[in-house]
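Residues in the sequence shown are numbered consecutively from 4, following my numbering.
Built from N, CA and C at the ideal position, the CB exists for glycine as well.
Written out below as structure tokens is the structure these notes cover.
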Amino acid sequence: MKTLLLAVLIGSVLSMMTIPLHPVHETPEEKAKFIKSLKYFRSGAGPTGIPLTFNYEYYGLVQIGTPPQNFQVVFDTGSGNLWVPSSSCYSVSCTLHNTYNHSKSSTYVADGKKIYIGYAAASVAGFLSKDTVTWAGIKIPNITFGEMTSFGGTYWTTKRFDGVLGMGWIAAEKIPPVYMTMYSLGLINAYNFAIYLVPGTGVGSAITLGGYNTSYSKNDWNYIPLLNTENWQIPIDQITIGGQKVPINGMKAWIDSGTPHLVGDNPIIAQFNKMMPTVFANCSNLASLPTVVITMHGVDYPLNSSNYVYTVVNDGITTCETGWIGNSGLDNFIVLGDLFIQVYYTLFDMGNKQIGFATRI
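Now the structure itself:
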């Protein structure tokens, strides 16, 4: 029977598939709160956690169980676990989201081991379970995931996605990430995936499994070897602001689809703010702001003001604020999140232990 199942799985190998990502836009009030929070991060006051959204979140559908139970999840390259809220959770966060009920699934297998995952903005905890996961119509059997019963703080009550599907290298409790399992079962034949994010409306964003979509970029690919096989980290050659070099002292970049903005350790962001002209709150000087160029593996990746300034319209009033955020939890790192991926189509290549960038179209 197991041999037959494996044969069926291998028979359904896919060369490549593209899955739509759906943007969820925040309200003007939520955007205004985010802009206000940036001031606390720059001054060093307030909490040290990083808010994970500023304008919209990109999510996609994942189903768990038989029959399938639907969940909207964020695909996060900064972590490796799949988790969703459990029906045995009675917190406010769980009542506001879809929850997984293992008693309603014929393919559920109990595990019960406790799991805790800490994120920059909040934490989640619960227990492990196994079940069939369906992603874009592909059934992946015996996936170990988190049924979360505890959500730290009020952060999760404001989120419109249900859970997280980690696309990183390492998961808590040494659980194989879903994407690795798909490859090991022969459900995809290339050990990589690409994320395409559309700025503005966000409509048309997608994740491609087992390759990249040639219609999403100029196909001017450049590849950067990873620093390790624990996360999506790559070296930075240099950073310039308006042509002036920023002292970075061997700084590294972390490419993270779960962080919408651009984050650095406090010293580097303080240096950025010294070299960067003040962004006028009324947005009147956006055109004169300098280009920030991040050079990696000998290739320049420019970001203009439209890539690193937040624009919020609330009650007819437009407000602008620079999106570089300082965080004390980073040690000589810059996190290049969705704002960077919106400019450069990004290939996360596990097979060749590298990251590729191409100019998005």
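DSSP three-state assignment for L24, whether helix, strand or coil: On the sequence shown, position 21 is the one that residue 24 refers to. L24: coil per DSSP, three-state reduction.
Check whether T262 and C286 have beta carbons under 7 Å apart: Counting from one through the sequence shown, the residue named residue 262 turns up at place 259. Counting from one through the sequence shown, the residue named residue 286 turns up at place 283. Their beta carbons are not under 7 Å apart, which means T262 does not touch C286 by this criterion.
Are the CB atoms of A128 and Y119 nearer to each other than 7 Å? One-based indexing of the sequence shown puts residue 128 at position 125. One-based indexing of the sequence shown puts residue 119 at position 116. Yes, the pair counts as a contact, with Cβ atoms nearer than the cut-off.
Buried or exposed for K162, going by 16 or more other Cβ atoms inside 10 Å? On the sequence shown, position 159 is the one that residue 162 refers to. Classification for K162: buried.
Is the Cβ-Cβ distance between G68 and D134 less than 7 Å? By one-based count along the sequence shown, residue 68 stands at place 65. By one-based count along the sequence shown, residue 134 stands at place 131. Closer than 7 Å, so yes.
State the Cα-Cα distance for the pair T137 and G246, rounded to the nearest angstrom. Looking up residue 137 in the sequence shown gives position 134. Looking up residue 246 in the sequence shown gives position 243. Near 48 Å, if we compare the C-alpha coordinates of G246 and T137.
Check whether the stretch 267-275 touches the stretch 339-359, counting contact only when three or more Cβ pairs, one atom from each stretch, lie closer than 8 Å. no
Measure the C-alpha to C-alpha separation of Q72 and V312 and round it to an integer number of angstroms. As a working note, residue 72 is residue 69 in the sequence shown. As a working note, residue 312 is residue 309 in the sequence shown. If you take the alpha carbons of Q72 and V312, they lie about 38 Å apart.
Proximity below 7 Å, CB of A361 to CB of S220: Locating residue 361 in the sequence shown gives position 358, counting from the first residue. Locating residue 220 in the sequence shown gives position 217, counting from the first residue. Cβ atoms of A361 and S220: closer than 7 Å.
Our contact map puts L168 next to V181 with C-beta atoms below 8 Å; I'd like the distance itself, whole angstroms only. For the purposes of this step, residue 168 is taken as the residue at position 165 of the sequence shown. For the purposes of this step, residue 181 is taken as the residue at position 178 of the sequence shown. Sure, about 6 Å apart at Cβ, within 8 Å.
Span separating the alpha-carbon of F154 from that of P88: What you label residue 154 is simply residue 151 of the sequence shown in a count that begins at 1. What you label residue 88 is simply residue 85 of the sequence shown in a count that begins at 1. Computed Cα separation, rounded: 9 Å.
In the DSSP assignment, find the unbroken beta strand (DSSP E) run with K117 in it and report its ends. The residue you call residue 117 lines up with position 114 of the sequence shown. Per DSSP, K117 belongs to the beta strand (DSSP E) from V112 to G121.
Could you check if G253 is buried or exposed, using at least 16 other CB atoms within 10 Å of its CB as the buried criterion? Here residue 253 is taken as the residue at index 250 of the sequence shown, counted from 1. Counting Cβ neighbours within 10 Å, G253 comes out exposed, since fewer than 16 surround it.
Ends of the beta strand (DSSP E) at V338? Against the sequence shown, residue 338 aligns to sequence position 335. From DSSP, the beta strand (DSSP E) with V338 extends over F336 to L339.
Tell me which same chain residues have a C-beta within less than 6 Å of the C-beta of V16, skipping the five on either side of it? One-based indexing of the sequence shown puts residue 16 at position 13. Here the model assigns V16 a pLDDT of 48, short of 50, so the residue's position is not dependable, and the following value carries that caveat. Result list for V16: G189 and N192, in chain order.
Give the C-beta separation of G214 and T80 to the nearest angstrom, bearing in mind that I take them to be a contact with Cβ-Cβ under 8 Å. The residue labelled residue 214 in the question sits at position 211 within the sequence shown. The residue labelled residue 80 in the question sits at position 77 within the sequence shown. No, G214 and T80 are not in contact; Cβ-Cβ is about 17 Å, not under 8 Å.
Should W224 go down as buried or exposed, given a rule of 16 or more other Cβ atoms within 10 Å for buried? Your numbering for residue 224 matches position 221 in the sequence shown. Burial call: exposed.
By how many angstroms is the C-alpha of W327 removed from the C-alpha of P250? In the sequence shown, the residue the question calls residue 250 occupies position 247. In the sequence shown, the residue the question calls residue 327 occupies position 324. Their Cα atoms are separated by approximately 16 Å.
Helix, strand or coil for T322, going by three-state DSSP, please let me know. The residue you call residue 322 lines up with position 319 of the sequence shown. The answer is strand: DSSP assigns T322 an E or B state.
Shortest alpha-carbon distance to Y61 belongs to which of L200, T98 and E150? Reading the sequence shown from its first residue, position 58 is the one you call residue 61. Closest option to Y61, Cα to Cα, is L200.
Output the boundary residues of the alpha helix (DSSP H) element that contains K356. Taking the sequence shown and counting its residues from 1, one reaches residue 356 at position 353. K356 -> no alpha helix (DSSP H), and no H or E assigned at all.
Between the alpha carbons of M2 and N145, how many angstroms are there, rounded? Since the first residue shown for the chain is 4 and the last is 364, residue 2 is missing from the structure and cannot be characterised.
Measure the beta-carbon distance from N104 to G149 and round it to whole angstroms, keeping in mind my assumption that it falls under 8 Å. Counted from its first residue, the sequence shown places residue 104 at position 101. Counted from its first residue, the sequence shown places residue 149 at position 146. That belief does not hold up - the Cβ atoms of N104 and G149 are roughly 15 Å apart, past 8 Å.
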